[in-house]
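*Asks:*
Residue numbers (the working numbering): -4 to 89.
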């Protein structure tokens, strides 16, 4: 399989020390043979939602997702290919 761009999304249960769970998740991402391009985290009282843009082999992305899914405080791990965005032309009067 070839390299591609993927989006990995998961939620972390926001309990006693949620930053420990974030560090564990980042260590899994670091150990994968993927390139992390962008990470977005949205923290609320009940959960931390994480979206990660990565590049790499789909098998490696799947490996990372499986490892994340085994962490006890992480739920709803999923990945999907990112769509190629076409350059948009903006036209205006003037």
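Even for Gly, the Cβ is constructed at its ideal location relative to N, Cα and C. Bear in mind that the values here come from a model prediction, so they are computed numbers and not experimental data.
Quick check on residue 25: buried or exposed, where buried means 16 or more other Cβ atoms within 10 Å of its Cβ?
*Replies:* Per the 10 Å Cβ criterion, exposed.
*Asks:* Taking the beta carbon of residue 54 as the centre, do at least 16 other beta carbons fall within 10 Å, making it buried, or is it exposed?
*Replies:* Its Cβ having fewer than 16 others within 10 Å, residue 54 is exposed.
*Asks:* Should residue 39 be listed as close to the ligand SAM, given that the test is whether its C-beta is under 8 angstroms from any heavy atom?
*Replies:* Here there are no bound small molecules, and the ligand SAM is not part of this structure.
*Asks:* Does the beta-carbon of residue 63 have 16 or more other beta-carbons within 10 angstroms, so that it is buried, or is it exposed?
*Replies:* Residue 63 comes out buried.
*Asks:* Starting from residue 22, trace the alpha helix (DSSP H) in both directions and tell me its first and last residue.
*Replies:* First-last of the alpha helix (DSSP H) with residue 22: 13 to 26.
*Asks:* Within a Cβ cutoff of 7 angstroms, which residues of the same chain sit near residue 27, ignoring the five residues on either side of it in sequence?
*Replies:* Here the set comprises 55, 58, 59.
*Asks:* Taking C-beta to C-beta, are residue 3 and residue 72 nearer than 9 angstroms?
*Replies:* Yes.
*Asks:* Just to confirm before moving on: does the CB-CB distance between residue 9 and residue 34 stay below 9 angstroms?
*Replies:* Going by C-beta atoms, residue 9 is not nearer than 9 angstroms to residue 34.
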